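K.L.:
Numbering follows this note's numbering, in which position 72 of the sequence shown is assigned residue number 621; successive positions increment by one, without gaps. Built from N, CA and C at the ideal position, the CB exists for glycine as well. Note that the structure is predicted; figures quoted are calculated from it, not measured.
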Amino acid sequence: MYLEQLKEIKNLILQNDNFVLLPHVRPDGDALGSSVALALSLAKMNKNVKILLNDKVPNNLTHLDNSCIVVESLDIESQWLTESYVAIAVDCSDITRFPAFEGVYNEAILRLAIDHHKTAMPDADYYVVEPKAAATAEIIFDLIKEFEVKIDELIAIAIYTALATDTGNFTYSNVTTKTHQIASELYEIRDTFDDINNHIYSTDTVQKIKLHSEVLSRTNMFLRNRVAVASISQEQLIECGCEMQDSEGIVEKLRKIYTVEVAILLKEEEDKKIKVSMRSKNFVDVARIAQKFGGGGHTRAAGFSSELPRHDIVKMLVEDIKKQF
Ligand code: 5GP
Ligand code: MN
Numbered sequence: 550m551y552l553e554q555l556k557e558i559k560n561l562i563l564q565n566d567n568f569v570l571l572p573h574v575r576p577d578g579d580a581l582g583s584s585v586a587l588a589l590s591l592a593k594m595n596k597n598v599k600i601l602l603n604d605k606v607p608n609n610l611t612h613l614d615n616s617c618i619v620v621e622s623l624d625i626e627s628q629w630l631t632e633s634y635v636a637i638a639v640d641c642s643d644i645t646r647f648p649a650f651e652g653v654y655n656e657a658i659l660r661l662a663i664d665h666h667k668t669a670m671p672d673a674d675y676y677v678v679e680p681k682a683a684a685t686a687e688i689i690f691d692l693i694k695e696f697e698v699k700i701d702e703l704i705a706i707a708i709y710t711a712l713a714t715d716t717g718n719f720t721y722s723n724v725t726t727k728t729h730q731i732a733s734e735l736y737e738i739r740d741t742f743d744d745i746n747n748h749i750y751s752t753d754t755v756q757k758i759k760l761h762s763e764v765l766s767r768t769n770m771f772l773r774n775r776v777a778v779a780s781i782s783q784e785q786l787i788e789c790g791c792e793m794q795d796s797e798g799i800v801e802k803l804r805k806i807y808t809v810e811v812a813i814l815l816k817e818e819e820d821k822k823i824k825v826s827m828r829s830k831n832f833v834d835v836a837r838i839a840q841k842f843g844g845g846g847h848t849r850a851a852g853f854s855s856e857l858p859r860h861d862i863v864k865m866l867v868e869d870i871k872k873q874f
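Set out below in C-alpha cells:
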C-alpha cells in the first residue's frame, strides 16, 4: 500500500512542472528539512519549485539550503499564480496547518500531502500518510529513491536535520531500524553531522537561556508530580528580549523530570490565543487529548490552539490526563 502510494505520488509529480511546497506553520526541523530535501530533489529533475513560508526560517534551521524558500505569499503570487502548479503539503495534511496559504493550496491544479501524523485528516486529491515513519523525511527519502535522484550533501543535511529533530536525536519511541538505516546512508554521503547538530542544538542566545530559567522556575506540578505545566506570556518574551521560537526545548526539559509522564507548555500568542505543546514519556497518548481540543500530533508529542483562558485549559487537560492513569 505504502509503496503503491509512493509510486502514484511519483507519477503525479513526473507529469507536472511547477510545485509549491507547504510545510506547517512555525515549521520545525522535519517540516522544513523534508520540504528542502524534496524541493532540491525536484529541482534536480528540472522542476520549478518553491517552499512557501509564513514565518521566517527559525534560527536553529538556517543551515538548511534556502534556495527554494520564499517567505510570505506575495512573492509567489506575482511570480507563479499565473501558471498552474501542484501544491504539496509537507509534514501536515490539512489546510488548518498552513492557514495563510489556504488559497494557494486550494487553487492548485492538484493537491498532494505527505505526512506521518497519526491524527492526519488529509485534505488532498492524493496523499501518503505513514504514521510508522519517525519523521516525514523518512517518506521523502523513500520518494527520492523512487525518483532515482542522487542524494547530495545538501539533501543529506536536510534529511538528517528532519530525522534528528523529530526523534530527539534518535532517542524517542518513534525510532526504528529504518530511521537508523537512513541515517547510516546519510553518513555515506557526509562523514559527520556534528556541525549540523551544533547548529540545531547549540546556538542558543543568553536571552533564550534566561527565558527558559524564568519559565521553568514557575513550573506547576499536578497529579502527584506526574504532570508538569509551565507557561509563557508575551510579557515574559518582551522582558527577556525573546521570540516565541526561543521557547523551543522547554517542554522537553519538563518531561525530563523523573516523576513526569506528561509535560505541558502553554504559549500565549500575539493574538492572545494559547498554543499548547504536550509531551508524554511512557504511556499517555497526548495526540488523543490534542485531537479533542481540535489539534493533533503523535502519541508522545502533540499540540493544539485554544481561545479559552489558561487556567481552564490546564484544568481540562489535567482532568483528561487523569483518565489515562
Ligand atoms: P509542538 O508541540 O512541537 O508544536 O508539536 C508537537 C507535534 O504536534 C508536532 O508533530 C505537530 O505537528 C503537532 N501539532 C502541534 N500543534 C498542532 C495543532 O494545532 N494541530 C495539529 N493537527 N497538530 C499539531
Ligand atoms: Mn514531523
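Give me the DSSP bridge partner(s) of serine 826.
P.N.:
The partner list for serine 826 (beta bridge, DSSP) reads Leu814 and Gly852.
K.L.:
For valine 863, does the count of other Cβ atoms within 10 angstroms reach 16, so buried, or fall short, so exposed?
P.N.:
That one is buried.
K.L.:
Between the alpha carbons of arginine 739 and cysteine 617, how many angstroms are there, rounded?
P.N.:
Spanning the two alpha carbons is a distance of roughly 22 Å.
K.L.:
Quick one: does the C-beta of alanine 657 sit closer than 7 Å to a heavy atom of the ligand MN?
P.N.:
No, the Cβ of alanine 657 stays beyond 7 Å of every heavy atom of the ligand MN.
K.L.:
How far does the beta strand (DSSP E) with serine 780 in it extend, from its first residue to its last?
P.N.:
Counting along the chain, the beta strand (DSSP E) containing serine 780 begins and ends at 776-781.
K.L.:
Going by DSSP, what residues sit across from phenylalanine 742 in a beta bridge?
P.N.:
Bridge partners of phenylalanine 742: none, in fact.
K.L.:
So, at 6 Å on beta carbons, what are the nonlocal neighbours of aspartate 674 in its own chain, with the 5 sequence-adjacent residues on each side left out?
P.N.:
Cβ within range, chain order: Leu659 and Arg660.
K.L.:
Cβ of serine 854 within 8 Å of Cβ of isoleucine 823?
P.N.:
Yes; because the gap between Cβ atoms is below 8 Å, this pair is in contact.
K.L.:
Is the beta carbon of arginine 646 within less than 7 Å of some heavy atom of the ligand 5GP?
P.N.:
Yes, the Cβ of arginine 646 comes within 7 Å of a heavy atom of the ligand 5GP.
K.L.:
In terms of residues, what are the limits of the beta strand (DSSP E) holding methionine 770?
P.N.:
Run containing methionine 770: 769-771, per the beta strand (DSSP E) assignment.
K.L.:
CB of threonine 728 to nearest heavy atom of the ligand 5GP: below 7 Å?
P.N.:
No, the ligand 5GP has no heavy atom inside 7 Å of this Cβ.
K.L.:
Among Ala636, Leu735, Cys641 and Ala657, which has the Cα closest to the Cα of lysine 667?
P.N.:
Closest option to lysine 667, Cα to Cα, is Cys641.
K.L.:
Helix, strand or coil for isoleucine 663 per DSSP?
P.N.:
Of the three classes helix, strand and coil, the one that applies to isoleucine 663 here is strand, per DSSP.
K.L.:
Excluding five sequence neighbours on each side, which residues of the same chain lie with their C-beta closer than 7 Å to the C-beta of alanine 588?
P.N.:
Here the set comprises Leu570, Val598, Ile600 and Cys617.
K.L.:
Using the three-state DSSP reduction, which class does aspartate 711 fall into: helix, strand or coil?
P.N.:
The identity of residue 711 in the sequence shown is alanine, whereas the question assumes aspartate. Helix.
K.L.:
Once the 5 residues before and after leucine 692 are set aside, which same chain residues still bring their CB inside 6 Å of it?
P.N.:
Answer for leucine 692: Leu555, listed in chain order.
K.L.:
What residue from Glu632, Arg828 and Ile706 has the CA that sits closest to serine 722's CA?
P.N.:
The candidate whose alpha carbon is nearest that of serine 722 is Arg828.
K.L.:
Using DSSP's beta-bridge definition, name the partner residues of asparagine 597.
P.N.:
Asparagine 597 is bridged to Asn567.
K.L.:
Since leucine 772 contacts isoleucine 870 with CB under 8 Å, what's their CB separation in whole angstroms?
P.N.:
Contact flag correct, Cβ pair sits at about 7 Å.
K.L.:
Could you give the C-beta distance for isoleucine 688 and glutamate 679, rounded to a whole number, given that I count them as a contact under 8 Å?
P.N.:
Yes, isoleucine 688 and glutamate 679 are in contact; Cβ-Cβ is about 5 Å, under 8 Å.
K.L.:
For the alpha helix (DSSP H) containing isoleucine 618, name the first residue and the last one.
P.N.:
No alpha helix (DSSP H) holds isoleucine 618; the beta strand (DSSP E) holding it covers 618-620.
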